[in-house]
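Comments concern the structure below.
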Amino acid sequence: MALISSDPLCITTLRLGKGKIWPAGQTLGLRVGDVLAAVDGVPFRGNAAVLRGMIAQGRGPLALSFLRGDSGFTVLASRVDFGIWEPATPPAVEGTYPTEAGLLTNWEILRDAKGMHDLFALAPALSALVVPFLWMMQKRLWLPLAVFVAALAVGFAVQPLAGAVIYLAVGINLRQLAPHYLRAERRGRGFRTVAVVAARSERAAITAYRAMDPKARFLFAPEKPQPESTQVQTA
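Just add 2 to the spot in the sequence shown (first one is 1) and you have the working numbering.
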């Protein structure tokens with residue numbers, strides 16, 4: 003696999019150096035010490051200028067794969083002003099990373115103090131636009147659902163056209179602000195954002211996060227049946 007570099011002799015990659023992670027990096031859950039391993043699946047060799055050039059030439063977000071300790075993860079990004087970049091030694095063994103950014107979606111992972119985690123896609127949800135009330139039920143957004151149902155009922159009571167307008171407005175609002183509603187509801191229950199991972203599906207995102215935090219448990223995972231206790235009867 004070919005390496006990306008502005009200099010054929012370049013043997014280093016990049017790491018987020020000491021100091022504060024900037025807002026763009028905080029949004030993606032990045033931390034000081036994260037090492038850039040690959041871009042769109044290709045091992046990266048170069049400096050910050052090379053990385054910025056790749057972003058500028060790209061036609062969309064790039065899949066940036068990082069190493070954090072022994073764990074690897076990928077995020078989609080259309081900018082790289084995450085913090086102060088510094089040269090770093092690349093991994094001794096190159097891993098396998100996602101190559102097609104267009105097939106990935108960023109998923110925000112939230113975790114509570116008990117080790118339970120939830121997640122949601124940061125991409126606009128088509129179902130939130132088409133069937134907003136069903137989408138809110140699936141996401142367990144009970145308070146917004148109650149408010150929107152009440153508004154819809156009032157709208158249809160006044161005039162059917164008004165109800166239709168409210169329905170459309172709700173769908174557009176949810177499609178644009180779905181992550182905001184989900185984040186606010188989960189934080190109200192004690193969850194905090196701990197990571198962002200790019201994956202093709204919810205299941206793949208859960209698997210990716212489990213590699214980073216093996217002890218975490220998915221909030222809505224079915225409970226494992228407890229083994230039945232056996233008692234020895236004596237005559």
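In this text, a Cβ means the ideal position worked out from N, Cα and C, and glycines have one as well.
Note that the structure is predicted; figures quoted are calculated from it, not measured.
Where Leu-106 is concerned, there is no enclosing beta strand (DSSP E), because DSSP gives it neither an H nor an E.
At the C-beta level, Trp-137 and Ala-127 come within 9 Å of one another. The beta carbon of Ala-213 sits closer than 6 Å to those of Ser-73, all from its chain and outside the five residues before and after it, given in chain order. Between the segment 182–196 and the segment 78–98 there are fewer than three C-beta pairs closer than 8 Å, too few to call the two in contact. For Trp-144, the enclosing alpha helix (DSSP H) stretches over residues 144–160. Between Ser-67 and Gly-48, the C-beta spacing is not below 9 Å. DSSP places Thr-29 in the helix class (H, G or I) of the three-state scheme. Cβ neighbours of Asp-120 within its own chain (closer than 7 Å, five residues either side excluded): Leu-112, Arg-188, Phe-193 and Leu-221.
Per DSSP, Val-34 lies in no beta strand (DSSP E) and is assigned neither H nor E. For a cut-off of 8 Å, the C-beta gap from Tyr-211 to Ala-200 is around 11 Å, too long to register as a contact.
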